[in-house]
Amino acid sequence: MNTKKLVNLSNQYPRLTVRTLATLMAIGENEGCSVSELSQFMGVNEKNVATTIRRLEEGRAGNPGDKLIRVKQYPDDKRFKLIYLTAKARRILQKL
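Taking full-length UniProt numbering, the leading residue of the sequence shown gets 1, the next gets one more, and so forth.
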């Protein structure tokens, strides 16, 4: 991962921190992963990943979010959520 490119992209999208962009990249490399799997992949605390995911998630309870990811419930266990990038996130990451 090129940190300089992440910083430049973060400057273009002020709401996206370097950490948030790194999270998006990790999701892109692990489409359909859970928060737990993503935190293990990134080597980051699960609570921190969950907070970032909430911010990126498509609209919830009156908060439209950034519409950069979508979260689907696992069919067999509603507590288990799978994370995917949206087309908007893919367009942003193509600039890296």
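All residues carry an ideal CB built from backbone N, CA and C; glycine is no exception.
Residue interval of the beta strand (DSSP E) (run including residue i)
i          : result
residue 54 : Per DSSP, residue 54 belongs to no beta strand (DSSP E); it is in the alpha helix (DSSP H), 46-56.
residue 73 : 69-74
residue 82 : 77-85
Rounded Cβ spacing between residue i and residue j (contact assumed at less than 8 Å)
i          : j          : result
residue 51 : residue 69 : Not a contact, Cβ separation roughly 13 Å.
residue 67 : residue 84 : Between residue 84 and residue 67 the Cβ distance is about 12 Å, and since that is not below 8 Å, they are no contact.
Short CB-CB distance (under 8 Å) between residue i and chain C
i          : result
residue 53 : Looking for chain C here will not work: only one protein chain is present.
DSSP beta-bridge partners of residue i
i          : result
residue 13 : Note: residue 13 sits in no beta bridge, so no partner.
N-terminal and C-terminal residue of the alpha helix (DSSP H) that residue i is part of
i          : result
residue 96 : Note, residue 96: premise wrong, no alpha helix (DSSP H); not H, not E.
residue 28 : 18-29
Exposed unless 16 or more other CB atoms sit within 10 angstroms - verdict on residue i
i          : result
residue 36 : exposed
residue 7  : exposed
Proximity below 8 Å, CB of residue i to CB of residue j
i          : j          : result
residue 3  : residue 56 : no
residue 81 : residue 34 : yes
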